[in-house]
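Working notes, beginning with the structure itself.
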C-alpha cells in the first residue's frame, strides 16, 4: 500500500509538470480559438446585416445554438477557474446540442475538448492535496473529462497522454492506457520527441516483455536521448540477464547526463545483483570523472571493501569526508577500516564523531557492528556479545549474525552457549555446512569428539567442492581422527585420506593442514612420512611466522620419537554474567 501511494505521488508530480506544459499550450490554443472566432464572427457579420427576414435566414444558416456559441467564445477569453470553465462547457454543449453550422460545429468541438482538458488539469493539481480513495475519485472525475475531450476532438493529443498517465495510478485501466498511448503515438508522427515519450508510456502498460521491449526500442529510435526510455530498457535487459546490453544503455544515459547519480546508483545496484563488482566500480569511476560527489566516493569505497581493497576504500572515504565532513555513514565505514588496521583510537574517534553528528544512529546496525569490533579489540567480550545479541534479536533469521554471536561466545570461552546458538540455526537449516563446521569446532573444544566428527562428516557431505569451507572441514575432521584420545574414534587411514584432500585443495601451502596430514601418518605408524610432512609444516610456519609454530615443532619432535600426537581440548565454561545493552560500557 505504501509503495503504491509513493508511486501515485511520483505520477502526480509528472502530471502536474505535464499540466503546466499543457497550460502554456492551452493559452496558445485559446488565442487561436479567439482569432478563428473573430474571423467567423466577421464573416457572419457581413452576411447578417438586414431586416427581420434576413435575421431569420441567418439563424437557419448558422444554427440554433449560435447565441450560446458566441457567449462561450466571449467567456472563454478569461475562463480559468473551475467554475468559469464549467460555465463555458455548459454553453458549448448546449450550442452543439441545439445545432451549429459545420464550420462552427467543428470549432466548438475543438474548443470544448480544450476546455475539458483544462478542467482535468485543475483536478490533477487538486489530487496532490489528498490521499487514498479521495485521490482516486478525483482521478476518475478527471478521466471522465478527458474521455469527453477525445470524443469531442479525436486529435487532441494532450488528452490521450493524460489518460495514460492517470491510469498509472492504483486501480488504473491497463487496456485504456494502451489505447490512449497508441492513439497519441499515431498523432505524434511529426513530433519524434513527444512520440518517444508516448512509446515509453505504452511500454509501461505492456505485460508482454517482447512488446515492452519493442516499444522501448521505438522510443529510443524516435529520440536517442530519451533518458527515461534508456533507463527502462536497461532495467528490462537486466531483468532478462542481458547485463552487457543494460550497461550499454546506462553508459548512453551517462553520456547525455554525466552527473546523473540516481541512474548511476541504480546501475551499480543492478551490477551488484549480477555479481559484477568490477563493472560496478568502473561505472562509478566514470561517474566520478564526470562529476565528483561524496555519495559516489562513499559507494565506491564500499565496493572496494567488497574487493578487499581496504587502502583504496580508505582513500575514497577520506575524499568523501573532505567534501562532506558531517557524513556519519562514511565515518562509520572509515572506523571499520581503522579497526582492521588495528587503529582503535582512530576508530573510536570516528564513531564518536558520527554519533555526535547524528545521535539517532546510536542504534543503527552499522554503529552496533563498529561497537562490537571495538569491544573485541579492547577485550571487552561480554560487551561485544551483548551488542551482537541485540543484532540477532532484531533479525533472528540472519544466519550470519548467529554465526558471529557463536564465534564471540567461543572467543569468550563460552562454547556451550555457542553450541546452543548454532543448534538453533541448524534446526532451521540442517544442511548448512558453515554452521555444521562451527558447531563441530565448538563440540571439539568441550571434548565431545564423537559428536564433533559426526558434524564434520555431515558438513563435508553437503559442502560444495569449491567451497572455501571445505578444506577447513576436512582438515579438522582428519585432525580429530588422527589425534583424539578416544581409541575407538581414531582412524589413521581416514585421517590420511581427508588430510590429503584438504592439502590438495590448499595446494600444500597451509602449515596447519600439512601438520594434520603428518598426524594421520603418525597415527597409522608411518613415522617417516609423518616426519616428512611435519618438517614441511614447520618450514612454512617459520616463513609465515605462524602463531602455532611452537606446537608444530613439538609435534615434529614427537614423531621423531615415534610417538603419535594426542590432543583433547577441555575449555572451562566462562561463568561471568553478560551485561544487558543498557549496562554496556560507553565506547
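Residue numbers (the UniProt record's numbering): 1 to 587.
Where is the CB? At the ideal position from N, CA and C, for every residue including glycine.
These numbers come from a predicted model, not from an experiment.
Check: Alpha helix (DSSP H) segment containing residue 309, residue limits; Outcome: It is not in any alpha helix (DSSP H) - residue 309 carries neither H nor E in the DSSP assignment.
Check: Three-state class that DSSP yields for residue 69 in the structure shown; Outcome: helix
Check: Cα-Cα separation, residue 513 to residue 470; Outcome: 12 Å
Check: Short Cβ contact (7 Å threshold) for residue 169 with residue 139; Outcome: yes
Check: Residue environment, residue 544, which counts as buried when at least 16 other CB atoms sit within 10 Å; Outcome: exposed
Check: Three CB pairs or more closer than 8 Å across the stretch 422-437 and the stretch 457-472; Outcome: yes
Check: Check whether residue 142 and residue 163 have beta carbons under 7 Å apart; Outcome: no
Check: Proximity below 7 Å, CB of residue 78 to CB of residue 91; Outcome: no
Check: Beta-carbon proximity of residue 229 to residue 219, cut-off 7 Å; Outcome: yes
Check: Residue 505 versus 474, 290, 484, 182, residue with shortest Cα-Cα distance; Outcome: 474
Check: Residue 74 and residue 113 closer than 7 Å at C-beta; Outcome: no
Check: Residue range of the unbroken alpha helix (DSSP H) whose run includes residue 286; Outcome: 277-290
Check: Opening and closing residue of the alpha helix (DSSP H) in which residue 353 lies; Outcome: 344-357
Check: Local conformation of residue 77 per DSSP, three classes; Outcome: coil
Check: DSSP-derived helix/strand/coil call for residue 368; Outcome: helix
Check: Cβ pair count under 8 Å reaching 3, the stretch 534-553 against the stretch 493-507; Outcome: no
Check: Contact the stretch 260-278 vs the stretch 297-314: 3+ CB pairs below 8 Å; Outcome: yes
Check: Completely contained alpha helix (DSSP H) runs for the stretch 454-488, where each covers 4 or more residues; Outcome: 470-483
Check: For residue 189, the three-state DSSP class (helix, strand or coil); Outcome: coil
Check: For residue 508, the three-state DSSP class (helix, strand or coil); Outcome: coil
Check: Per-residue burial, residue 472 [other beta carbons within 10 Å of its own, 16 or more giving buried]; Outcome: buried
Check: Own chain partners of residue 453 with C-beta closer than 6 Å, once the 5 adjacent residues on each side are dropped; Outcome: 480
Check: C-beta contact flag for residue 425 and residue 399 at 7 Å; Outcome: yes
Check: Contact check, residue 496 vs residue 520, beta carbons under 7 Å; Outcome: yes
Check: Inter-stretch contact at 8 Å, needing at least 3 Cβ pairs: the stretch 413-425 / the stretch 441-448; Outcome: yes
Check: Contact the stretch 83-97 vs the stretch 123-130: 3+ CB pairs below 8 Å; Outcome: no
Check: Residue span of the alpha helix (DSSP H) that contains residue 533, given as start and end; Outcome: 527-543
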